[in-house]
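Note that my numbering has the sequence shown beginning at 7, numbered continuously upward. Every residue gets a Cβ at the ideal spot worked out from N, C-alpha and C, and that includes glycine. A quick write-up on the structure given underneath.
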Amino acid sequence: MPLPQVVAVAEHSPAERFGVWPGDELRSMNGRVPRDVIEYQLLADESIVELEVVRGGVELEVTVVKQTGEPLGLEVSAAIFDRVRTCDNHCEFCFIYQLPKGMRRNLYVKDDDYRLSFLYGNFTTLTRFTEVDLERVIDQRLSPLYVSIHATDPDVRSAMLRNRRGAISLRWLRCLLDNAIEVHGQIVVCPGVNDAAVLHGTLAGVLDRFPELATVAVVPLGVSRYAKEPSMRPHTTEEARATVETVCEWQQRFRRAVGRRVVWASDEYYLLAGTGFPEPGEYEGYPQHENGVGMVRSFEQAFAAGTSPPGGGVPVPARSGFFAWVEGAPAEGYRAPRTQKVSLTVAPARAARAAPMTILTGDYGSLVLRPLLDRHGFGEVGILAVRNEFFGGNIAVAGLITGADLSRTLAEEPPGGRYLLPDVCLSKGRFIDGPSLEDLPRSVEVVASDGASLRQVLEAGR
């Protein structure tokens with residue numbers, strides 16, 4: 007098992023006072039070898055933490071004395087110290103199977119690890135979940151977790167996962183709920199497979215068997231031009247509308263039965279259907295915001311207020327996953343924060359602030375932003391939709407804008423303008439296909455992807 011490495015030591019922290027250095031490898035803590043950052047946190051909370059570290063090939067012992075619960079002050083290199091539990095399903099709709107060759111290796115890793123579900127909000131099918139895992143989740147209260155449901159009919163679910171354990175693995179969901187673990191569910195709807203009557207049956211199954219579920223998100227299948235499964239196709243407008251109607255119907259049934267809506271359709275469904283979005287209050291606090299449920303309404307609210315709490319009182323959806331506050335956990339994955347509040351790659355010179363501003367976004371984003379800007383008096387701000395030719399298919403979200411497509415689009419634009427790019431396109435300074443900002447043919451300013459941040463930048467540029 008590779009040893010976790012210390013990548014940073016907080017200034018004036020107990021770890022710094024007692025001689026832990028960046029670059030040290032953690033061999034054990036209080037005589038135990040932590041398997042992941044969850045166990046690391048539990049051990050680091052002790053008042054005396056005896057560390058065995060490897061520094062430059064030399065084994066050392068460091069004893070740190072501090073207050074119980076006081077942060078140790080370390081950031082480690084990975085969330086999982088042993089091997090990530092990979093997925094043994096072979097879902098037709100898996101987007102990883104739809105990626106082109108030659109991208110970063112970590113993009114091709116299919117995880118089905120409940121620890122990453124807890125830490126980062128990744129969805130797990132529970133097909134590799136065990137009694138030992140259940141015992142740990144209950145004992146350490148690893149909550150919330152995120153579970154891919156897709157169908158409650160055993161035959162449909164096993165066929166979709168292409169794994170016979172898919173027919174029975176939802177028994178673990180029942181065990182989690184029985185032990186008061188908060189669970190959020192997801193249904194990826196594939197046209198002709200688990201939509202229409204099957205979707206009705208799935209939501210009926212949720213109400214009958216899993217009514218304690220905190221939320222369920224219904225999201226559409228994403229299809230890239232690299233998809234090899236002939237049965238996988240994008241929704242038609244009529245299918246999208248039917249799915250929205252199904253969700254609305256079941257929201258009312260859930261409200262009557264359990265007092266909550268429980269199920270929501272993702273924003274993409276409303277864009278596909280060409281219908282209006284639900285009112286902000288209907289999202290009940292945006293619990294599945296990061297799964298694309300209610301993003302538009304929360305963005306509109308924050309943009310209208312022009313500020314984030316406490317000044318504006320606009321609710322900011324909580325970031326999923328324990329890593330948002332656990333000491334030492336690296337901010338990884340697509341749910342990791344990209345920037346601080348408003349982060350520009352280059353602070354624009356005063357003379358340049360009068361330059362015309364253009365917001366770079368995906369096809370879906372342009373449908374939302376243009377009317378929003380016009381309503382709030384920013385009609386002079388341009389919107390440039392970056393068509394996703396890299397992935398093709400029905401991929402149109404801003405978060406999957408690639409460096410190649412952005413370069414192609416910007417190369418056709420005149421120099422001298424201010425181009426604003428949402429930070430959700432980047433991870434550690436790079437686009438999903440590998441290029442960095444320095445590789446673009448025009449300078450861009452990276453802006454945090456919330457409405458308040460965008461408005462602040464637009465107002466400052468006037």
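C-beta atoms of residue i and residue j nearer than 8 Å
i	j	result
Q192	V82	no
V68	V13	no
S123	T133	no
S149	E188	yes
K116	T92	yes
V250	T281	yes
F24	V70	yes
V229	G399	yes
G388	T367	no
D201	V194	no
V143	G79	no
G300	E274	no
Beta-carbon proximity list for residue i, same chain, < 7 Å, skipping 5 on both sides
i	result
L378	E306, F309
R171	T133
V430	R344, A404, G405, S455
R376	I389
V162	N200, V204
Contacts around residue i, its chain only, beta-carbon distance under 6 Å, and the 5 residues preceding and following it disregarded
i	result
A410	F396, D439
G29	none
Assigned exposure category for residue i - 16 Cβ within 10 Å defines buried
i	result
N128	buried
H206	exposed
K347	Note that K347 scores a pLDDT of 37, beneath 50, so its modelled location is shaky; the value from the coordinates is reported in the next line. So K347 counts as exposed.
E465	exposed
H295	buried
T136	exposed
I44	buried
P315	Annotation note: pLDDT 47 at P315 (below 50); position unreliable, no value reported.
Q104	buried
Integer-rounded CB distance, given that residue j should sit under 8 Å from residue i
i	j	result
E451	R424	6 Å
C97	M166	6 Å
D42	R121	5 Å
L373	L277	6 Å
L209	W178	Wrong, their Cβ atoms sit about 20 Å apart, outside the cutoff.
A248	P217	Contact doesn't hold; Cβ gap of about 24 Å is too wide.
L49	R38	6 Å
Closer than 7 Å: residue i CB and nearest the ligand HEM heavy atom
i	result
Y103	The ligand HEM is not part of this structure, which contains no ligands at all.
Residues that residue i bridges to, as DSSP identifies them
i	result
W270	A223
Y425	T364, V450
D42	I86
G191	V153, V222
V473	Given that the chain is displayed from residue 7 to residue 468, the structure contains no residue 473 and the question cannot be resolved.
A14	E81
G388	T364
R436	S433, S442
8 Å Cβ shell around residue i - same chain, five flanking residues per side excluded
i	result
V212	I155, T158, G191, L219, V222, V268, V269
G312	G318, A458, R461, Q462, E465
P197	L227, R239, P240, H241, T242, E245
I86	R41, D42, V43, D119, R121, L122
R168	N95, H96, C97, E98
Residue-chain proximity (residue i, chain B), Cβ-Cβ < 8 Å
i	result
T74	In the structure shown, chain B does not exist; there is a single protein chain.
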